[in-house]
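At position 70 of the sequence shown the residue is numbered 1556 (the working numbering), and the sequence of numbers has no breaks.
Each residue gets a CB set at the ideal place from its N, CA and C atoms; glycine is no exception.
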Amino acid sequence: MAGASRRVVVTDGQRIEVHPGCEAVVEFDPDLTFECVDSCTWCCQHGVLLSDPDLVGLAKRANVNEATVDFRGQQAVKREPKDRENDVAPDGAACFFLRDDGLCALHAEHDWKPVRCSVFPLSVELEDDDLHISIREEAHDHCEGLDVSERRVIDHLDDFLPERLWSIANPETAIEP
């Protein structure tokens, strides 16, 4: 059951079942906590590659032609200039769906996120057909939601890693330049 709070005992580098038949290798401190905070939009400053199921889900909620761009042969959520002081990347841009109030239109209005948005602040790498889950390197410097609550990431891993992540041909979150 997604979001079910449970106490998971796991060590760094251990394989765990996140969903039935869907395993991941955990490569972060199991005591790490995370909770989104209102003042932080760091995750919205990044580009988001969309899987085919994400494109279908997005089409039910927004105009795909208006909201996406081709990025190296894949569809991605468009980044656009935002009129915000602190909630944008150094280039002044952020996610197409970042609203003026600092919330994601897709999440706030439709209770839905593309799979790679759900993963933040985690990083997913595919190694020998295994999903390896770690914390994004930059998150320790930029993500204000790390270690601010009692909500251990490991206890809610099914919230961060939707089951559809295992069906994406390339679930990796890092994009090489």
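Along the length of the stretch 1503-1550, whole beta strand (DSSP E) runs at least 3 residues long occupy 1508-1512, reported in chain order. Positions of the beta strand (DSSP E) runs, each at least 3 residues long and wholly inside the stretch 1551-1591, are given as 1554-1557, 1560-1563, 1565-1567, 1579-1581 in order along the chain. Looking only at P1648, E1636, F1514, F1583, the smallest Cα-Cα distance to H1532 is reached by F1583. Here R1501 is bridged, per DSSP, to V1511. Under DSSP, V1610 shares a beta bridge with I1619. CA-to-CA, the gap between A1655 and G1507 works out to about 17 Å. With respect to the 8 Å criterion, T1519 and V1639 are classified as neighbours on the basis of their beta carbons. Contact annotation, D1616 with V1512: C-beta distance approximately 11 Å; criterion of less than 8 Å not satisfied.
Among the bridge pairs identified by DSSP, L1632 is matched with F1520. For R1638, DSSP records a beta bridge to T1519.
If you ignore the 5 residues before and after E1566, its C-beta comes within less than 7 Å of the C-beta of A1579, F1582, all in its own chain and listed in chain order. Per DSSP, reduced to three states, the secondary structure at E1649 is helical.
When rounded, the separation of the alpha-carbon atoms in V1634 and P1657 is 28 Å. The C-alpha of L1632 is placed about 8 Å away from the C-alpha of A1625. Counting C-beta atoms within 10 angstroms of its own C-beta, A1594 has fewer than 16 neighbours from the protein chains shown and is therefore classed as exposed. For the 8 Å CB-CB criterion, R1637 and V1601 do not form a contact.
When the beta-carbon positions are compared, V1550 and L1541 come within less than 8 Å of each other. In this structure, S1604 and I1621 do not form a Cβ contact; the two beta carbons are roughly 15 Å apart against a cut-off of 8 Å.
Across the set L1535, H1596, E1521, D1586, the C-alpha of L1535 shows the shortest separation from the C-alpha of R1558.
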